Amino acid sequence: MIEEKNKSNLVITFGIPDDQRTAVAEMLITTFREKFVALFGHRDDLLSFLSSTFCDRRTLVALSHEKVVGIAGLVFGGKEFISVNWRTLLFYPGLLLRIISIGWIFYKRVEKEELLIDMLAVRKEHRGKGVGRQLIEYLKVYGRCNGFTSISLYVVDTNIRAKKFYESVGFMERRLHRIVFPWNRLFSFNGAYEMRYAI
Numbered sequence: 000m001i002e003e004k005n006k007s008n009l010v011i012t013f014g015i016p017d018d019q020r021t022a023v024a025e026m027l028i029t030t031f032r033e034k035f036v037a038l039f040g041h042r043d044d045l046l047s048f049l050s051s052t053f054c055d056r057r058t059l060v061a062l063s064h065e066k067v068v069g070i071a072g073l074v075f076g077g078k079e080f081i082s083v084n085w086r087t088l089l090f091y092p093g094l095l096l097r098i099i100s101i102g103w104i105f106y107k108r109v110e111k112e113e114l115l116i117d118m119l120a121v122r123k124e125h126r127g128k129g130v131g132r133q134l135i136e137y138l139k140v141y142g143r144c145n146g147f148t149s150i151s152l153y154v155v156d157t158n159i160r161a162k163k164f165y166e167s168v169g170f171m172e173r174r175l176h177r178i179v180f181p182w183n184r185l186f187s188f189n190g191a192y193e194m195r196y197a198i
């Protein structure tokens, strides 16, 4: 995989260092609390699950002084950045039922030549410093070099700031996917904007 070091001393590369997998899981839980808690319930179970199921080939990270400060979880080629199999589910018996009952809300169909950013998170103390923008710019080059024709993502309708950020780096709104009652009450948002960047 390509590794890139830029003038801000960030290293952009694929794969989470083994000693930082739990810290990265905590960063994702903090950023996407509503989504994860609804699917997993207990925070300790969630930390254990995430830290053991990251797929390094689909997890792009930004490192500052060898510490992960940003992450982009990707979906392409029929696989996700969180790799779950039946053996994994046996350790989390409540997860399968939750996935069946509410997981469909978060299902996103990905085309063959499409690169989906499933999650993008930046450590709180590093926000506003261009980390997210550099992850996106790296993915534009990565997508172009690997035969993808577009990059897509979804932004919940309550996160206007994130939507404006993605628009500022070239993403265009395609449509709004609505979530009906009672699921909108459970997740505290009414829908998600599908956004796309044409490579």
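In numbering that gives the first Met the number 0, the protein residues as written are 0 to 198.
Ideal placement from N, C-alpha and C gives every residue a C-beta, glycine not left out.
On a predicted model such as this, the values are computed, not experimentally measured, just so you know.
Span separating the alpha-carbon of residue i from that of residue j
{"i": "Leu175", "j": "Ser149", "result": "18 Å"}
{"i": "Ser100", "j": "Ser82", "result": "Reliability fails at Ser100, whose pLDDT of 45 lies under 50, so the model's placement of it is uncertain and no value is given."}
{"i": "Leu115", "j": "Ala61", "result": "18 Å"}
{"i": "Gln133", "j": "Val10", "result": "10 Å"}
{"i": "Gly77", "j": "Met26", "result": "25 Å"}
{"i": "Arg200", "j": "Asp18", "result": "This structure does not reach residue 200, given that the chain is present from 0 up to 198, and the question cannot be answered."}
{"i": "Ile198", "j": "His64", "result": "31 Å"}
{"i": "Thr29", "j": "Lys139", "result": "26 Å"}
{"i": "Asn145", "j": "Lys111", "result": "12 Å"}
{"i": "Ile135", "j": "Leu46", "result": "26 Å"}
{"i": "Glu189", "j": "Tyr137", "result": "Note that residue 189 is Asn in the sequence shown, not Glu. If you take the alpha carbons of Asn189 and Tyr137, they lie about 31 Å apart."}
{"i": "Met171", "j": "Lys162", "result": "9 Å"}
Cβ-Cβ distance between residue i and residue j below 8 Å
{"i": "Phe75", "j": "Val23", "result": "no"}
{"i": "Gly142", "j": "Phe164", "result": "no"}
{"i": "Ser50", "j": "Thr12", "result": "no"}
{"i": "Gly129", "j": "Ser7", "result": "yes"}
Chain-order list of residues whose beta-carbon lies under 8 Å from that of residue i (same chain, five-residue window excluded)
{"i": "Phe31", "result": "Met118, Ala120"}
{"i": "Phe80", "result": "Phe53, Cys54, Arg57, Thr58, Gly72, Leu73, Val74, Asp117, Met118"}
{"i": "Glu113", "result": "Phe75, Phe147, Thr148, Ser149, Ile150, Ser151"}
Strand pairing of residue i, partner residues [DSSP]
{"i": "Met171", "result": "Arg195"}
{"i": "Met26", "result": "BP columns for Met26 are empty, so no partner."}
{"i": "Lys78", "result": "Phe75"}
{"i": "Arg177", "result": "Gly190"}
{"i": "Lys66", "result": "Ser63"}
{"i": "Val121", "result": "Gly69"}
Cut-off 7 Å between Cβ atoms - residues of its own chain near residue i, not counting five sequence neighbours on either side
{"i": "Glu193", "result": "Ser151, Tyr153, Arg173, Arg174, His176"}
{"i": "Ala191", "result": "Tyr153, Val154, Val155, Asp156, His176"}
{"i": "Gly169", "result": "Tyr196"}
{"i": "Ile15", "result": "Val23, Phe53, Asp55, Thr58, Val60, Val67"}
{"i": "Ser167", "result": "none"}
Chain-order list of residues whose beta-carbon lies under 6 Å from that of residue i (same chain, five-residue window excluded)
{"i": "Asn158", "result": "none"}
{"i": "His206", "result": "Here the chain covers residues 0 to 198 and nothing more, so residue 206 does not appear."}
Validate contact between the segment 107–123 and the segment 53–73 using beta carbons, cut 8 Å, 3 pairs: Yes, the segment 107–123 is in contact with the segment 53–73.
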